[in-house]
């Protein structure tokens, strides 16, 4: 059953669970996927050239804490869409990049043959790196981890919300018990309100200000990838998850609003029919993982040892 | 030389028109045009006799933004909008158009009405230089929705450029007793929306970035080179990507009948209402032909306008697309109707929500 969680890009089905620690399934899947993320250049035995060594990224350290959080994913009760539940989320101490990864940083990773070449070769070095997919961000995290000897990864949706603090958008979707079409209209109207002109051109660090945790440009015009997989959850009358579908080919993207994006997408352009207001830009910032590093390595080694196949 | 002749002819007609109109001794009606997707108030059927209906069009050369990325187009328009406003008259009426070319413009402009007869639809009689104006009158002898567009021949190879920069609109000539189905029963609409679909060609630099130009003349050579390849960079409704979505989605209510007029002066299109239908469709746009019924997708020939009548039966957001979905999703040809009302479970119900597939057992 476990290996079915590790199918990146495909839906995986979790067994029904009465207890259903909310999001536990998604987090488990995300951990597994991260451990198996494409390691560009991983096979290169030679150490990174000294010239490419970076100064340690500027990090903001956050204390452990718990907070009320609007869960990510889609939720159904009795087959009808309902607002995502508010849950109590806990985070351990967290070291978060103060600003988003810059184009110049990403370019170093490309030059080290550790990151895919960006679509936009005209990126301005001193501006946030945009037009990056989740896969690109994963490659960058792997490279930075090797370079620094510390474990960097994308934050989970909960970690991102914790770090974003007051800038997190609680996008509880409206409900209509009788007529789902009214809910769809309400969602459409909210998306339409968000279409107010937001200049898509990336701006210098700090242009969108600092939040109460000291993070720069949270919820500006660059949305950020998280490591959290898309889930569809069926709730019982008590609000517990009774069945969940996890699709790790789609990740949660956070910013002015939360959205869900296929992991290979670099430019979330406007869709047509049912697609909502897209993020103006896709970028990312990483967290330093102080706790799970050993566990992840063990998992990774274990996977290799037993030769579990990634399908 | 041809241009000068045309201008002289236009000036001559401009002077002569008022006298001729008085000679007709018909009542006059002056219409204030409104910007699409809306259409000026009009009677769907009339018992009155023919009139002279006056309209005023002003050529406007200007730079507009055509997508959310801020891409700029050196646009040419009538009355500032793409498409140009719709004019509605009844069969037998006379259309009297004053075409103004302000001195601030850089080029001559004129107008070809597909609904009119002779002289290149009026194009030969209406070429006006910056700082001039002309008055043309023509008789509406055929019913339907018809394209009109700028056709400045004789002053350089500029016809396709003017059209692809936005200079086209629509005239609707209604039967005096209104629209009818194939059995002659009257058809009426509660709202009319007017969509102009336009392929746009914005040159880009060596790195693929869209270019902008200081003047229209500066944009000419690059734009023509791109147009000759026949691959538009944008295909849009009403002048820009998203012009009719979100806050600008076209409102309607369940039970309302909406007439959708769709014009395309350049390229073929294949409109489709996602989640809806064409109850009555005049695909070629001419009301003397019986409308087809219950269509899923219809066809708009480049250089024509078509009309579809639909009564909304469910609330929700309906995408109205060019069903070449590459054009709809990648190039911009998507509009939305936002329809309020009560859902009919009889027409559609989700019996079971998405849930883990029962197929999993067989995978073990």
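Protein chains in written order, with the working numbering: chain A, 1 to 311; chain B, 1001 to 1364. The C-beta atom is built at its ideal place from N, Cα and C for all residues, glycine as well. Since we're looking at a predicted model, the values are computed, not measured.
Assumed close pair residue i, residue j - CB separation to whole angstroms, cut-off 8 Å
{"i": "residue 1271 of chain B", "j": "residue 1262 of chain B", "result": "5 Å"}
{"i": "residue 1151 of chain B", "j": "residue 1112 of chain B", "result": "4 Å"}
{"i": "residue 127 of chain A", "j": "residue 103 of chain A", "result": "6 Å"}
{"i": "residue 1094 of chain B", "j": "residue 1026 of chain B", "result": "7 Å"}
{"i": "residue 1290 of chain B", "j": "residue 1182 of chain B", "result": "4 Å"}
{"i": "residue 58 of chain A", "j": "residue 97 of chain A", "result": "7 Å"}
{"i": "residue 1109 of chain B", "j": "residue 1059 of chain B", "result": "4 Å"}
{"i": "residue 232 of chain A", "j": "residue 1354 of chain B", "result": "6 Å"}
{"i": "residue 82 of chain A", "j": "residue 235 of chain A", "result": "7 Å"}
{"i": "residue 133 of chain A", "j": "residue 266 of chain A", "result": "5 Å"}
{"i": "residue 1088 of chain B", "j": "residue 1056 of chain B", "result": "At roughly 15 Å, the Cβ-Cβ gap does not stay under 8 Å, so residue 1088 of chain B and residue 1056 of chain B are not in contact."}
{"i": "residue 1098 of chain B", "j": "residue 1286 of chain B", "result": "Rounded, the Cβ-Cβ distance is 27 Å, inconsistent with contact."}
{"i": "residue 1201 of chain B", "j": "residue 1233 of chain B", "result": "6 Å"}
Continuous beta strand (DSSP E) stretch holding residue i: start and end
{"i": "residue 1040 of chain B", "result": "Where residue 1040 of chain B is concerned, there is no enclosing beta strand (DSSP E), given that its DSSP letter is neither H nor E."}
{"i": "residue 1146 of chain B", "result": "1144-1149"}
{"i": "residue 1335 of chain B", "result": "1334-1340"}
{"i": "residue 1237 of chain B", "result": "1234-1237"}
{"i": "residue 90 of chain A", "result": "86-91"}
{"i": "residue 1282 of chain B", "result": "1278-1282"}
{"i": "residue 191 of chain A", "result": "Not the beta strand (DSSP E): residue 191 of chain A falls in the alpha helix (DSSP H), residues 180-193."}
{"i": "residue 1138 of chain B", "result": "1132-1139"}
{"i": "residue 1219 of chain B", "result": "It is not in any beta strand (DSSP E) - residue 1219 of chain B instead sits in the alpha helix (DSSP H) that spans 1216-1228."}
Contact set for residue i: own chain, Cβ-Cβ below 6 Å, skip 5 residues either direction
{"i": "residue 1352 of chain B", "result": "none"}
{"i": "residue 1205 of chain B", "result": "1211"}
{"i": "residue 123 of chain A", "result": "103"}
{"i": "residue 1299 of chain B", "result": "1270 and 1283"}
{"i": "residue 1174 of chain B", "result": "1090"}
{"i": "residue 1107 of chain B", "result": "none"}
{"i": "residue 72 of chain A", "result": "157, 228 and 252"}
Buried or exposed by the 16-neighbour rule on C-beta atoms within 10 Å, applied to residue i
{"i": "residue 224 of chain A", "result": "buried"}
{"i": "residue 53 of chain A", "result": "With a pLDDT of 46 at residue 53 of chain A, under the threshold of 50, the predicted position of this residue should be treated as unreliable, though the coordinate-derived value follows. That one is exposed."}
{"i": "residue 1326 of chain B", "result": "exposed"}
{"i": "residue 181 of chain A", "result": "buried"}
{"i": "residue 1250 of chain B", "result": "buried"}
{"i": "residue 170 of chain A", "result": "exposed"}
{"i": "residue 1081 of chain B", "result": "buried"}
{"i": "residue 1096 of chain B", "result": "buried"}
{"i": "residue 1117 of chain B", "result": "exposed"}
{"i": "residue 93 of chain A", "result": "exposed"}
{"i": "residue 63 of chain A", "result": "exposed"}
{"i": "residue 1023 of chain B", "result": "exposed"}
{"i": "residue 1159 of chain B", "result": "buried"}
Residues of its chain near residue i, where Cβ-Cβ distance is below 7 Å and the 5 sequence neighbours each way are ignored
{"i": "residue 1147 of chain B", "result": "1114, 1168, 1170, 1263, 1265, 1303, 1304 and 1305"}
{"i": "residue 1180 of chain B", "result": "1186 and 1187"}
{"i": "residue 153 of chain A", "result": "34, 141, 227, 286, 287 and 289"}
{"i": "residue 130 of chain A", "result": "202, 222, 281, 282 and 283"}
{"i": "residue 1252 of chain B", "result": "1191, 1258, 1312, 1337 and 1339"}
{"i": "residue 176 of chain A", "result": "182 and 183"}
{"i": "residue 172 of chain A", "result": "70, 83 and 84"}
{"i": "residue 239 of chain A", "result": "85"}
{"i": "residue 275 of chain A", "result": "The predicted position of residue 275 of chain A is uncertain, since its pLDDT is 46 and thus under 50; a value taken from the coordinates is nonetheless stated next. None."}
{"i": "residue 167 of chain A", "result": "211, 218 and 219"}
Sheet register partners of residue i (DSSP bridge)
{"i": "residue 241 of chain A", "result": "A/235"}
{"i": "residue 152 of chain A", "result": "A/288"}
{"i": "residue 1072 of chain B", "result": "B/1065"}
{"i": "residue 1211 of chain B", "result": "Paired residues: none, contrary to the question."}
{"i": "residue 229 of chain A", "result": "A/251"}
{"i": "residue 1198 of chain B", "result": "B/1236"}
{"i": "residue 1077 of chain B", "result": "B/1060"}
{"i": "residue 1087 of chain B", "result": "B/1171"}
Contact set for residue i: own chain, Cβ-Cβ below 8 Å, skip 5 residues either direction
{"i": "residue 208 of chain A", "result": "216, 217, 218, 219, 220 and 221"}
{"i": "residue 125 of chain A", "result": "102, 103, 104 and 107"}
{"i": "residue 1103 of chain B", "result": "1130 and 1131"}
{"i": "residue 88 of chain A", "result": "66, 67, 68 and 69"}
{"i": "residue 1254 of chain B", "result": "1312, 1313, 1314, 1315, 1339, 1340, 1341 and 1342"}
{"i": "residue 40 of chain A", "result": "Its pLDDT being 43, under 50, residue 40 of chain A is placed unreliably in this model, and the value from its coordinates should be taken loosely. Contacts found: 113, 114, 115, 116, 139, 142 and 143."}
Closer than 7 Å: residue i CB and nearest the ligand GTP heavy atom
{"i": "residue 1310 of chain B", "result": "With respect to small molecules bound, the structure shown includes none, and the ligand GTP cannot be examined in it."}
Bounding residues of the alpha helix (DSSP H) (the contiguous stretch that carries residue i)
{"i": "residue 1287 of chain B", "result": "Unbroken run through residue 1287 of chain B: none, as it is neither H nor E."}
{"i": "residue 111 of chain A", "result": "103-111"}
{"i": "residue 1098 of chain B", "result": "Per DSSP, residue 1098 of chain B belongs to no alpha helix (DSSP H); it is in the beta strand (DSSP E), 1094-1101."}
{"i": "residue 1353 of chain B", "result": "Run containing residue 1353 of chain B: none; DSSP gives neither H nor E here."}
{"i": "residue 81 of chain A", "result": "Looking at the DSSP string, residue 81 of chain A is not in any alpha helix (DSSP H); the run it does join, the beta strand (DSSP E), is 80-82."}
{"i": "residue 1160 of chain B", "result": "1159-1164"}
{"i": "residue 61 of chain A", "result": "Looking at the DSSP string, residue 61 of chain A is not in any alpha helix (DSSP H); the run it does join, the beta strand (DSSP E), is 59-62."}
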